[in-house]
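Notes to accompany the following structure.
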Amino acid sequence: MQLSDIKTVGVVGGGTMGFGIAINFALWGYPTIISDLSDDVLAGTESNIAHALKLFVEGGLITQDRAGETLARITTTTDLAQLAGQSDFITEAIVERLPDKQALFKRLDELCPPHTILASNTSRLVLSDIGAHAKRQEKLVLTHYFAPPHIVPGLEVAKGPGATDESLELTCELLRSARKIPIRVRGEKPGYLLNRIQHALAREASQLWAEGMASAEDIELGIVSTFGFRMPHEGPFLHYDLAGIWKWPEDVRNPRAIQNEKLREQMLKAQPWFLDPANFDEAVEKRDREYIRRLKELYWKDDD
Ligand SMILES: NC(=O)c1ccc[n+]([C@@H]2O[C@H](COP(=O)([O-])OP(=O)(O)OC[C@H]3O[C@@H](n4cnc5c(N)ncnc54)[C@H](O)[C@@H]3O)[C@@H](O)[C@H]2O)c1
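In structure tokens:
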């Protein structure tokens with residue numbers, strides 16, 4: 003199957019994530035069907051979609067005409083068979099409960115044409131469990147979005163245990179065609195990659211709050227005004243590079259304290275992860291210019 007064979011996409015679950023996932027596909031030209039359990043829920047889904055598109059127009063992201071075209075590409079139904087029969091790619095975004103997801107994947111597997119790829123937006127479960135009762139193991143993938151999914155560009159993707167590279171490639175191609183940034187995860191763990199990283203921060207922040215180390219307000223402000231301020235530009239590896247940690251003497255970098263052999267080796271190399279050491283000053287200046295722009299935009303008042 004090729005990208006051009008994906009004519010219609012389905013989204014099962016029209017809640018917080020499903021409505022935004024549907025907007026994204028419809029915005030980039032895909033007729034999109036959303037299913038949920040009742041007409042009442044779907045009325046809420048439709049209203050959320052209309053509101054989100056209004057904000058896109060007001061924010062200058064799209065024209066009113068494009069909002070109308072996007073809306074016209076989205077249909078809703080409570081009939082799962084209708085969605086399954088027409089969809090070439092389906093994203094599951096229902097309640098995070100294993101038996102429900104397993105039952106849905108089994109049902110979709112029975113109802114869909116053989117070529118249809120089934121993707122889960124699970125946050126904490128794994129595909130080997132979710133897809134345990136589906137036959138089309140080669141077509142089960144993870145597409146884990148970040149809220150709000152119609153706005154946040156990146157998402158993580160992974161293969162189910164029996165999925166082919168072709169299924170993953172096509173999924174990435176589809177997502178890129180809808181201007182998303184797929185991040186490939188090689189393995190399978192609950193929370194996969196980015197939720198694990200994100201939750202590590204949240205776990206520590208909540209623990210420190212519970213211990214009375216700081217108020218929730220100060221923890222929040224501390225994060226967004228310090229390393230959170232840097233995050234649109236750099237993750238932890240580029241941060242090591244730009245902070246010049248690779249230039250520190252070996253005993254200060256302290257690789258002996260690092261248990262993992264692969265990581266120890268990397269630290270011992272005393273080489274940046276990404277930067278060419280010859281261009282270090284240039285990279286730091288580029289970073290600083292970007293930070294100055296955002297400092298002015300976010301924190302300095304016009305008369306400062
Ligand atoms: N909320 C987030 O920030 C977030 C982020 C990433 C991933 N996720 C994951 O996305 C999934 C959906 O989360 P959400 O926040 O949108 O939940 P939600 O409760 O807002 O929406 C879930 C929707 O699924 C519907 N539903 C439940 N069972 C169904 C079934 N069997 N068939 C059809 N529809 C069904 C519900 O009626 C509801 O409208 C979960 O797996 C969650 O872990 C959530």
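Plus 2 on top of the position in the sequence shown (first one is 1) and you've got our numbering. By construction, the Cβ of each residue, glycine as well, lies at the ideal position given by its N, Cα and C atoms. Note that the structure is predicted; figures quoted are calculated from it, not measured.
In this structure, Gly133 is the residue among Trp250, Pro115, Leu113, Gly133 with its C-alpha nearest to the C-alpha of alanine 121.
Leaving aside the five residues that flank proline 155 on each side, the residues in its chain whose CB is nearer than 8 angstroms to its CB run, in chain order, Arg181, Lys182, Ile183.
Runs of the beta strand (DSSP E) lying entirely within the segment 49-132 and spanning at least 3 residues, in chain order: 76-79, 91-94, 119-122. Taking the Cβ atoms as the reference, leucine 85 lies roughly 4 angstroms from serine 37, within the contact range of under 8 angstroms.
Classified as exposed, threonine 228 has fewer than 16 neighbouring CB atoms from the shown chains inside 10 Å of its CB. Per the DSSP secondary-structure output, histidine 146 pairs in a beta bridge with Glu158. Just measuring C-alpha positions, the residue of Met269, Ala218, Glu48 sitting nearest phenylalanine 239 is Met269.
In the same chain as threonine 173, and ignoring 5 residues on each side of it, the C-beta atoms closer than 8 angstroms to its own belong to Phe91, Ile119, Ala121, Val143, Thr145, Val159, Pro184, in chain order. Per the C-alpha coordinates, the member of Ala95, Met3, Arg68, Leu5 positioned closest to glycine 22 is Ala95.
Assigned with DSSP and collapsed to three states, arginine 186 falls in strand. For the pair threonine 80 and aspartate 41, the CB atoms are nearer than the 8 angstroms cut-off. Ligand 1 never approaches aspartate 253 closely enough for any of its heavy atoms to be under 7 angstroms from the residue's Cβ. In this structure, Trp30 is the residue among Thr47, Leu82, Leu39, Trp30 with its C-alpha nearest to the C-alpha of leucine 63. Per DSSP, the beta bridge partners of serine 37 are Val14, Thr79. The three-state secondary structure of threonine 166, taken from DSSP, is coil. Each residue's CA atom was taken as its position, placing aspartate 283 and glycine 214 some 41 angstroms apart.
Contiguous alpha helix (DSSP H) elements confined to the segment 219-252 occur at 229-232, 238-245, taking only those with 4 or more residues. By the criterion of a C-beta distance shorter than 7 angstroms, isoleucine 247 is surrounded in its chain by Arg255, once the five residues flanking it on both sides are discounted. Just so you know, the alpha carbons of methionine 233 and valine 286 end up roughly 15 angstroms apart. Non-local beta-carbon contacts of asparagine 197 in its own chain, meaning distances under 6 angstroms to residues more than five positions away in sequence, involve Ser125 in chain order. Burial state of isoleucine 35 is buried, judged by a 10 Å Cβ sphere holding 16 or more other Cβ atoms. Counting other Cβ atoms within 10 Å of its Cβ, proline 274 reaches 16 or more and is therefore classed as buried.
Pairing aspartate 304 with aspartate 290, the inter-Cα distance amounts to about 20 angstroms. Across the set Thr72, Gly15, Gly17, Thr47, the C-alpha of Thr72 shows the shortest separation from the C-alpha of tyrosine 32. Burial check for tyrosine 242: the Cβ neighbour count within 10 Å reaches 16 or more, so the residue is buried.
DSSP places proline 279 within a helical segment (H, G or I) once states are collapsed to three. In the structure shown, aspartate 42 falls within a helical segment according to DSSP collapsed to helix, strand and coil.
In the DSSP assignment, tryptophan 30 falls outside any alpha helix (DSSP H) and carries neither an H nor an E.
Between the beta-carbon of valine 11 and that of phenylalanine 27 there is about 5 angstroms, and that keeps the pair under the 8 angstroms contact cut.
The closest heavy atom of ligand 1 lies 7 angstroms or more from the beta carbon of asparagine 26. Within the same chain, Cβ atoms closer than 8 angstroms to the Cβ of methionine 19 are found at Ala95, Asn123, Tyr147, Ala149, Pro151, the five residues on either side in sequence being excluded.
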